[in-house]
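Structure, as structure tokens:
2 protein chains.
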Amino acid sequence: MPVKATDVKLLQDYIEKGWEFHIIDMLHDLKPVEIAELIEALDEESRGKFFVLLDVDTASEVIAELSSESREDVIDGMSDKDLARIVQDMDSDDAADLVGDLHAERAERVLAELSPEDSYDIKSLLKYPEDTAGGIMQRELISAHPNATVDEVIAQIRRLHTEINNIYMVYVVDNRRALVGTVPLVNLILSKPDSTMAQIMDLDPLTVPVAMDQEQVANLFKRYDSMVLPVVDEQGFLLGRITVDDIVDIMEEEATEDMFMLAGAEEDLLSSSVVRNASTRIPWLFVSWMGGVLASFLIREFESTISRVVGLAAFMPIILGMGGNVGTQTVALIVRGIATGASSMNFRSIVLKQMGVGVLLGAMFAVMLGLIAFFLYPDEKRISIVVALAITISMSLASFMGTFLPFLFYKLDKDPAIASGPFVTTTMDILGVTAYLGIAGLLLF
Amino acid sequence: MPVKATDVKLLQDYIEKGWEFHIIDMLHDLKPVEIAELIEALDEESRGKFFVLLDVDTASEVIAELSSESREDVIDGMSDKDLARIVQDMDSDDAADLVGDLHAERAERVLAELSPEDSYDIKSLLKYPEDTAGGIMQRELISAHPNATVDEVIAQIRRLHTEINNIYMVYVVDNRRALVGTVPLVNLILSKPDSTMAQIMDLDPLTVPVAMDQEQVANLFKRYDSMVLPVVDEQGFLLGRITVDDIVDIMEEEATEDMFMLAGAEEDLLSSSVVRNASTRIPWLFVSWMGGVLASFLIREFESTISRVVGLAAFMPIILGMGGNVGTQTVALIVRGIATGASSMNFRSIVLKQMGVGVLLGAMFAVMLGLIAFFLYPDEKRISIVVALAITISMSLASFMGTFLPFLFYKLDKDPAIASGPFVTTTMDILGVTAYLGIAGLLLF
Chain G
1 MPVKATDVKL
11 LQDYIEKGWE
21 FHIIDMLHDL
31 KPVEIAELIE
41 ALDEESRGKF
51 FVLLDVDTAS
61 EVIAELSSES
71 REDVIDGMSD
81 KDLARIVQDM
91 DSDDAADLVG
101 DLHAERAERV
111 LAELSPEDSY
121 DIKSLLKYPE
131 DTAGGIMQRE
141 LISAHPNATV
151 DEVIAQIRRL
161 HTEINNIYMV
171 YVVDNRRALV
181 GTVPLVNLIL
191 SKPDSTMAQI
201 MDLDPLTVPV
211 AMDQEQVANL
221 FKRYDSMVLP
231 VVDEQGFLLG
241 RITVDDIVDI
251 MEEEATEDMF
261 MLAGAEEDLL
271 SSSVVRNAST
281 RIPWLFVSWM
291 GGVLASFLIR
301 EFESTISRVV
311 GLAAFMPIIL
321 GMGGNVGTQT
331 VALIVRGIAT
341 GASSMNFRSI
351 VLKQMGVGVL
361 LGAMFAVMLG
371 LIAFFLYPDE
381 KRISIVVALA
391 ITISMSLASF
401 MGTFLPFLFY
411 KLDKDPAIAS
421 GPFVTTTMDI
431 LGVTAYLGIA
441 GLLLF
Chain C
446 MPVKATDVKL
456 LQDYIEKGWE
466 FHIIDMLHDL
476 KPVEIAELIE
486 ALDEESRGKF
496 FVLLDVDTAS
506 EVIAELSSES
516 REDVIDGMSD
526 KDLARIVQDM
536 DSDDAADLVG
546 DLHAERAERV
556 LAELSPEDSY
566 DIKSLLKYPE
576 DTAGGIMQRE
586 LISAHPNATV
596 DEVIAQIRRL
606 HTEINNIYMV
616 YVVDNRRALV
626 GTVPLVNLIL
636 SKPDSTMAQI
646 MDLDPLTVPV
656 AMDQEQVANL
666 FKRYDSMVLP
676 VVDEQGFLLG
686 RITVDDIVDI
696 MEEEATEDMF
706 MLAGAEEDLL
716 SSSVVRNAST
726 RIPWLFVSWM
736 GGVLASFLIR
746 EFESTISRVV
756 GLAAFMPIIL
766 GMGGNVGTQT
776 VALIVRGIAT
786 GASSMNFRSI
796 VLKQMGVGVL
806 LGAMFAVMLG
816 LIAFFLYPDE
826 KRISIVVALA
836 ITISMSLASF
846 MGTFLPFLFY
856 KLDKDPAIAS
866 GPFVTTTMDI
876 LGVTAYLGIA
886 GLLLF
């Protein structure tokens, strides 16, 4: 259940009155994510006042769940020392995200307050681009030497388990920290106390290269149903691990991104203001608007054609619209195909196939539309040939562009969903208008 | 890495020649999902011949990864007894999916070959709708009485661990099988051998109601960063568990579904034939086509208006297009918002806000388009007022419908993404044309 409006009201009231005991009482039994949701619902001023009431353990988990907006609100009033205490307690991947978002100076000051190890961990994570395996991995993990016994490893887990969440796997590394095997926790339980890791480890574990793009990392987890995977550098040295809960967030992020891109939206605007909503959406709309204006100039060029056969105007929306429909369908298929790991699909055969689909669909709707035009404008029968040709061209072209362009953008290392963006759809419209009225000019006069 | 074409060719060749040793040699070191991908790439006939060479352990994991098409190919030639041996070895959720897809008679025969417990597990899973928690949970789990000691539970795990994948959690149930707590595996390692479950368990665990929709289950996993969750009935009795790897698949499925729905595609067609591609996409295209035809009839009604002011035709694409753009943007925002768990958002305030966004954007583009029309058609200045009014109406209406309809469908227990379907976009086009030419008729003559 998301937070209740009544709870938020009550909490807001307690904060204004400064009734700390009531507040702490309210927090009893709430999970960190639920507290984070409460904070999101508070006004800016109350967020900071409320957050300082949390103990460090809770605060470090809650802050990882906050939106960057609310996070700024709670961090702003905090001393560097207090912030460092919270960062110290966070998982290294979340801590790196937080420190990475701070102003450079403050980040320096906070890092200086940390233990040398924690500071090193965070700094080394900040080196990696955010959307790669390195950018999402955490440094905390249980590693052991091949000669370590089950008993020794259990002792290590006992020492570290409060600092490491989700221990499912022991990573076995040699003296140079090269990963040589993995031991699932359950095998630790089932083996004799004096067995060594070398005796019970799985060899040849699946690993993630540190530079791998996060979307590919997600596909790896999906393909192998993995819960947690080790991240290694080019030499096979163990650098960190990624747990599937972060993958779940990434998948949602990527799916939302693709979907918004397809629809010409850019980010989650539901909670933003009207003006912010409008201004974020203007660029995309403006490009299409420019395209529309261009189309209207073009149509004006053909004004004499239209004035002689006014019926031509009647079919403009359907010819452009059907091209647009086929184009969007095709882009969605290809974008999703690429995103879900079919990126190595045979490019040429898919383009050819989708071209075939476009021509087939185009021809079918051409015959139907031709017949309608034929009966609607019995005095000018050639109009039916014009619309039939135009809709075939419009749908085939859309099918080709809708297949070819996402692949092209993908090969150029751009987001394939750009193919559904305003430049492309606008270009399609203009080509459609030109084809339609051009054919009309040629055939009718 | 996906399968290599050269490997597939080699394998196909070995199968045709019947070189079994070469084939088995090739399988060495391949993971089940990789073998499944090889099977997908084979021709229909070879699939069955290849599959029988796998040992039962491997076969039961591979078959769970196959598409329903390839699965049929490998199952068809198999005896009921052989199939039952594989089903027996599968996880209960995968086994239930497989048995559920068989013809009723064959399903009965296969179930009759299973042990009574396995048969019961599968039958009880088949009761639940596929897209609910019950439909995706598995029955295999480790459960223990509150009085059971760590040593006893470890002995149980030793007995069962070959049959149960991914043991992360021990579920503590009372005599009536009501769930009373959970013990993460790591706590088992860290506790004394004679501690009881009651002493070390976490109370009040997060649970999934068996009837919960799978999309909501996914949101629960996401919200609480869960790896595995127990499924309970209305009385709190433990029925099964869901692991996050299945959630990852569901999230991908749902995101693809939403995206395809938004684009008017229905399923993954990349690997289907041209004809199948075309025929699957026809219904959606046909409805928009009907809408386009209707629009062309409408425009014909206004023929005398257009023939007097031919310039009106020039702005038709931009007015309809901008409405369509705003509508798609808005639907994408709302659909994604609902899917990612913002379903309890304040409906009224979001509709009002998006209406505001539509009016604001509409007014802005109206002024710009009005100016262009003013300079483009200096002889008929009222045309600029007509296009300005029409684009405002078209964009505001699209914004309202794009917000209101997904919520409406959601409340009616339909997929919110239907709002981007052909009926809605077509209706929008027709309203747009009517508004535009209607205003023109009123203001220009």
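Each protein sequence line maps, in turn, to chains G and C.
When the letters of the first sequence are read in order and numbered with this note's numbering, they come out as residues 1 to 445.
When the letters of the second sequence are read in order and numbered with this note's numbering, they come out as residues 446 to 890.
Using N, Cα and C, we set each Cβ at its ideal position, and we do this for glycine too.
Query raised in the report: Would you say C:Pro762 faces chain G, with C-beta separation under 8 Å as the test?
Result: Position 317 of the second sequence, counting from 1, holds the residue named residue 762 of chain C. So, interface residue.
**Report entry** the segment 618-628 of chain C in contact with the segment 646-663 of chain C per 3-pair CB rule at 8 Å
**Finding:** Segment contact: the segment 618-628 of chain C against the segment 646-663 of chain C, three or more CB-CB distances shorter than 8 Å; contact assigned.
Query raised in the report: Name the residues in the segment 350-361 of chain G whose C-beta lies less than 7 Å from a C-beta of chain C; which are they?
Result: Within the segment 350-361 of chain G, the residues whose Cβ lies closer than 7 Å to some Cβ of chain C are Ile350, Lys353, Gly356, Val357, Leu360 and Leu361, listed in chain order.
Requested in this report: Throw me the rounded Cβ distance for the G:Glu40 and G:Ser67 pair, which I believe falls under 8 Å.
Outcome: In the first sequence, residue 40 of chain G corresponds to position 40, counting from 1. In the first sequence, residue 67 of chain G corresponds to position 67, counting from 1. Correct: roughly 6 Å between the Cβ atoms.
Query - Residues within the segment 654-674 of chain C neighbouring chain G, beta-carbon criterion of under 7 Å - result: Per Cβ criterion, the list reads Phe666, Lys667, Arg668, Tyr669, Asp670 and Met672.
Query raised in the report: Between G:Leu437 and chain C, is there a C-beta pair that is closer than 8 Å?
Result: For the purposes of this step, residue 437 of chain G is taken as the residue at position 437 of the first sequence. No, no contact with chain C.
**Report entry** Residues of its chain near C:Ile863, where Cβ-Cβ distance is below 6 Å and the 5 sequence neighbours each way are ignored
**Finding:** Locating residue 863 of chain C in the second sequence gives position 418, counting from the first residue. Excluding sequence neighbours, C:Ile863 sits near Phe854.
Query raised in the report: How about G:Val335 and G:Asp213: do their beta carbons lie closer than 8 Å?
Result: The residue given as residue 335 of chain G occupies position 335 in the first sequence. The residue given as residue 213 of chain G occupies position 213 in the first sequence. No, these two residues do not count as a Cβ contact at 8 Å.
Query raised in the report: Is C:Asp891 buried or exposed, if buried means 16 or more other CB atoms sit within 10 Å of its CB?
Result: The first residue shown for chain C is 446 and the last is 890, placing residue 891 of chain C beyond what the model contains.
Query raised in the report: Using the C-alpha atoms, what's the distance from C:Gly768 back to G:Ser343?
Result: For the purposes of this step, residue 343 of chain G is taken as the residue at position 343 of the first sequence. For the purposes of this step, residue 768 of chain C is taken as the residue at position 323 of the second sequence. Only weak support is given to the placement of G:Ser343: the predicted model assigns it a pLDDT of 47, under 50, and the value that follows is read from those uncertain coordinates. When rounded, the distance between both Cα atoms is 34 Å.
Report task. Given a cut-off of 8 Å, decide if C:Ile836 and C:Arg816 are closer than it, judged by their beta-carbon atoms. Result -> Indexing the second sequence from 1 puts residue 816 of chain C at position 371. Indexing the second sequence from 1 puts residue 836 of chain C at position 391. The question names Arg, but residue 816 of chain C in the sequence shown is Leu. Annotated as distal: C:Leu816 and C:Ile836, with beta-carbon spacing of 8 Å or more.
Query - Per-residue burial, C:Val497 [other beta carbons within 10 Å of its own, 16 or more giving buried] - result: Your numbering for residue 497 of chain C matches position 52 in the second sequence. Classification for C:Val497: exposed.
**Report entry** Where the beta strand (DSSP E) through G:Tyr171 begins and ends
**Finding:** Counting from 1 along the first sequence, the entry for residue 171 of chain G is found at position 171. Its beta strand (DSSP E) spans residues Met169 to Val173.
**Report entry** Reduced DSSP category for C:Leu889 - H, G, I as helix; E, B as strand; rest coil
**Finding:** Residue numbering aside, residue 889 of chain C sits at position 444 when the second sequence is read from its first letter. The answer is helix: DSSP assigns C:Leu889 an H, G or I state.
**Report entry** C:Leu806 versus G:Ile282: straight-line alpha-carbon distance, rounded
**Finding:** Locating residue 806 of chain C in the second sequence gives position 361, counting from the first residue. Locating residue 282 of chain G in the first sequence gives position 282, counting from the first residue. C-alpha separation (whole angstroms): 8 Å.
Query raised in the report: If contact means a Cβ-Cβ distance below 9 Å, which residues of the segment 241-260 of chain G contact chain C?
Result: Residues Thr243, Val244, Asp245, Asp246, Ile247, Val248, Asp249, Met251, Glu252, Glu254, Ala255, Thr256, Asp258, Met259 and Phe260.
Query raised in the report: Closer than 8 Å, Cβ to any Cβ of chain G: which residues of the segment 738-752 of chain C, in chain order?
Result: Those would be Val738, Ala740, Ser741, Phe742, Ile744, Arg745, Glu748, Ile751 and Ser752, in chain order.
Report task. Name, going along the chain, the residues of the segment 320-335 of chain G whose beta-carbon falls closer than 9 Å to a beta-carbon of chain C. Result -> Residues Leu320, Gly321, Met322, Gly324, Asn325, Val326, Thr328, Gln329, Thr330, Val331, Ala332, Leu333, Ile334 and Val335.
Query raised in the report: Of the residues that make up the segment 832-843 of chain C, which ones have a beta carbon closer than 8 Å to any beta carbon in chain G?
Result: For the segment 832-843 of chain C, which is checked against every Cβ of chain G, not one residue is closer than 8 Å.
Report task. Would you verify that the beta carbon of G:His161 is, or is not, closer than 8 Å to some beta carbon of chain C? Result -> Taking the first sequence and counting its residues from 1, one reaches residue 161 of chain G at position 161. Yes, G:His161 lies at the interface with chain C (some Cβ there is under 8 Å from its Cβ).
Query raised in the report: Is it buried or exposed for C:Val501, if we count other Cβ within 10 angstroms and need 16 for buried?
Result: Here residue 501 of chain C refers to the residue found at position 56 when the second sequence is read from its first residue. Exposed, by the Cβ-count rule.
Query - G:Gln235 classed as buried or exposed, judged by whether at least 16 other C-beta atoms fall within 10 angstroms - result: Here residue 235 of chain G corresponds to residue number 235 of the first sequence, with the count starting at 1. Here G:Gln235 is exposed, its C-beta having fewer than 16 other C-beta atoms within 10 Å.
**Report entry** Presumed contact (8 Å Cβ cut-off) between G:Pro146 and G:Asp174, rounded CB distance
**Finding:** Counted from its first residue, the first sequence places residue 146 of chain G at position 146. Counted from its first residue, the first sequence places residue 174 of chain G at position 174. Rounded to whole angstroms, the Cβ separation of G:Pro146 and G:Asp174 is 7 Å, and the two are in contact under 8 Å.
Query raised in the report: Do you know whose CA, among C:Ser717, C:Glu562 and C:Leu842, lies nearest G:Leu333's CA?
Result: In the first sequence, counting from the first residue as 1, residue 333 of chain G sits at position 333. Measuring from the Cα of G:Leu333, the nearest candidate turns out to be C:Ser717.
Query raised in the report: C:Met761: which of C:Lys826, C:Ala885 and C:Val676 sits nearest, CA to CA?
Result: Taking the first residue of the second sequence as position 1, residue 761 of chain C is located at position 316. The shortest C-alpha separation from C:Met761 is found at C:Ala885.
Requested in this report: Taking only beta-carbon positions, decide if C:Leu707 is within less than 8 Å of chain G.
Outcome: Translated into positions along the second sequence, residue 707 of chain C becomes position 262. Taking Cβ atoms only, chain G reaches closer than 8 Å to C:Leu707, which makes this a yes.
Requested in this report: Name, in chain order, the residues that DSSP records as bridge partners for G:Phe50.
Outcome: Within the first sequence, numbered from 1, the residue matching residue 50 of chain G stands at position 50. BP columns for G:Phe50 are empty, so no partner.
Requested in this report: Would you list, in sequence order, the uninterrupted beta strand (DSSP E) runs of no fewer than 3 residues that lie entirely inside the segment 500-577 of chain C?
Outcome: Correct list: empty.
Query raised in the report: Taking the C-alpha atoms as reference points, what is the distance between C:Phe849 and G:Trp289?
Result: Here residue 849 of chain C refers to the residue found at position 404 when the second sequence is read from its first residue. Here residue 289 of chain G refers to the residue found at position 289 when the first sequence is read from its first residue. Cα to Cα, the separation comes out at about 24 Å.
Report task. Rank G:Leu38, G:Asp91, G:Pro406 and G:His28 by C-alpha distance to the C-alpha of G:Phe347 and give the top, closest one. Result -> Residue mapping note: residue 347 of chain G aligns to position 347 of the first sequence, counting from 1. Distance from the Cα of G:Phe347 is smallest, within the candidate group G:Leu38, G:Asp91, G:Pro406 and G:His28, for G:Pro406.
**Report entry** Cβ-Cβ distance between C:Arg686 and C:Met582 below 8 Å
**Finding:** Walking along the second sequence from the start, residue 686 of chain C turns up at place 241. Walking along the second sequence from the start, residue 582 of chain C turns up at place 137. Contact flag set, yes.
Query raised in the report: According to the Cβ coordinates, are G:Leu125 and G:Ser92 closer than 8 Å?
Result: Here residue 125 of chain G refers to the residue found at position 125 of the first sequence. Here residue 92 of chain G refers to the residue found at position 92 of the first sequence. Yes, the pair counts as a contact, with Cβ atoms nearer than the cut-off.
Query raised in the report: What whole-angstrom Cβ distance do C:Tyr616 and C:Met672 have, given they're in contact under 8 Å?
Result: The sequence position of residue 616 of chain C within the second sequence is 171, counting from 1. The sequence position of residue 672 of chain C within the second sequence is 227, counting from 1. With a Cβ gap of about 14 Å, C:Tyr616 and C:Met672 do not count as contacting.
Query - G:Phe21 versus G:Glu140: straight-line alpha-carbon distance, rounded - result: Your numbering for residue 21 of chain G matches position 21 in the first sequence. Your numbering for residue 140 of chain G matches position 140 in the first sequence. So the alpha carbons of these two residues sit roughly 35 Å apart.
**Report entry** Within-8 Å CB hit, C:Gly579 to chain B
**Finding:** In the displayed structure, chain B is absent; the protein chains listed are G and C.
Requested in this report: Could you list the residues in the segment 633-657 of chain C with a C-beta less than 7 Å from some C-beta on chain G, going in chain order?
Outcome: Residues of the segment 633-657 of chain C that bring their beta carbon within less than 7 Å of a beta carbon in chain G comprise Leu633, Ile634 and Leu635, in sequence order.
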